[in-house]
Amino acid sequence: MRLSVVVPVHNEVDNLESLIGEITQALSPLGDYEIIYVDDGSTDGTLEKLRALKASVPGLRVLRHVRCCGQSTALRTGIQAARGAWVATLDGDGQNDPADIPRLLEALDQLGGETGRGMVAGYRRKRKDTGWRRFSSRIANAVRGGLLRDNTPDTGCGLKVFSRALFLELPYFDHMHRFLPALTQRAGAPVISVEVNHRPRLSGVSKYGTWHRLWVGIVDLFGVMWLQRRARVPQVEELGV
C-alpha cells in the first residue's frame with residue numbers, strides 16, 4: 078500500500094461524511110490507499126457516525142482514544158497504525174481540501190520520495206479564517222520561522238505528506254505537530270511548501286483557542302530549539318566485503 082490518509086478528530090460529527098467522501102473521490106484514481114480516522118475522545122456522536130460510515134466506505138479504519146489526548150497524539154496513533162509507506166494528514170474540520178493530496182504526492186516524488194525522506198507541507202496562502210486567526214497565525218509563523226529557520230511559511234497547515242518511517246524517527250512530544258517541518262529538517266530530510274486550497278469551516282468550532290496555542294507554543298518552541306542545537310546527522314558509509 079502506497080498511501081495512508083490520517084485524520085485526527087475531536088467532536089466533528091457534522092464534518093465526517095462530506096470529508097470522507099471528498100477523500101475517496103480525490104484518491105480513487107491513485108489506486109491502493111486507506112483512510113484512518115482517529116477519534117480523540119469525542120463526546121458528540123463522532124464515534125457512532127464513524128462506525129456507520131465504516132460499513133459503507135471501503136478502506137476506512139477507525140481508531141479511538143478513550144480520553145482526549147490532543148492532536149499530536151492522535152496523529153501519532155494513526156501513523157503508527159498506518160500500512161502505507163507514505164502518509165497524508167488532514168485536519169478533520171473540512172478546511173483542508175483533499176483534492177490537493179495528489180499534487181503534494183507529485184511534489185514528494187520530485188523531492189526524492191523514492192528514497193523515503195522528505196516532507197511536503199501545505200501552504201494556506203489564502204486562508205478562510207477570521208481576521209484575528211489570520212493575524213495570530215502570521216505572527217506565530219514569523220516568530221517560529223525566525224527562531225527555528227525552517228523556511229516553512231505555514232507550519233500550522235494540517236495538510237502534509239511525508240514518509241511514515243521518517244515520522245516515526247522524530248522525537249515525540251505533545252503539540253509536536255506544529256513543529257513537524259523543523260523536526261524533519263533536524264533529522265536531515267528536506268522540506269518544501271506547496272500552496273493549497275483553504276476553505277471556511279462549515280460546521281463545529283475550533284478546538285484550540287488562540288491564547289492556549291500561544292503559551293503552549295512558546296514553551297515548545299524553546300524545546301525544539303534545544304533539540305536542534307543537539308542534533309547530529311551522521312553520513313554513513315558501508316565498507317565493501
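According to our numbering, the stretch in the sequence shown is residues 78 to 318, in order.
We put the CB at the ideal spot given by N, CA and C, even for glycine.
query, result
"Limits of the unbroken alpha helix (DSSP H) element including D186", "178–188"
"Inter-residue CB distance, D117 and V86 (contact presumed, cutoff 8 Å)", "7 Å"
"Straight-line Cα distance separating V296 from W288", "In this predicted model, W288 has a pLDDT of only 47, less than 50, meaning its place in the structure is not dependable; the value taken from the coordinates is given anyway. Taking the straight line from one Cα to the other gives about 13 Å."
"Short Cβ contact (8 Å threshold) for A264 with L243", "yes"
"Own chain partners of G155 with C-beta closer than 6 Å, once the 5 adjacent residues on each side are dropped", "V83, I113, V115"
"Cutoff 8 Å: F239 Cβ touching any chain B Cβ", "As a matter of chain content, chain B is missing from the structure shown, which is built from one protein chain."
"Length at least 4, wholly inside the region 227–293: the alpha helix (DSSP H) runs in chain order", "241–246, 257–263"
"Integer Cβ distance of V185 from V238, believed to fall under 8 Å", "The sequence shown places Leu at residue 185, rather than the Val named in the question. Sure, about 5 Å apart at Cβ, within 8 Å."
"Counterpart residues of R202 in DSSP-defined beta bridges", "Partner(s): none; R202 has no beta bridge."
"Where N92 sits in the DSSP three-state scheme", "helix"
"Neighbourhood of R201 by C-beta, 6 Å cutoff - its chain only, sequence neighbours within 5 removed", "D231, C234, H275"
"First through last residue of the beta strand (DSSP E) which encompasses L152", "Note, L152: premise wrong, no beta strand (DSSP E); alpha helix (DSSP H) at 148–158."
"Per-residue burial, D109 [other beta carbons within 10 Å of its own, 16 or more giving buried]", "exposed"
"Environment of Q312 [buried if 16+ CB atoms lie within 10 Å]", "exposed"
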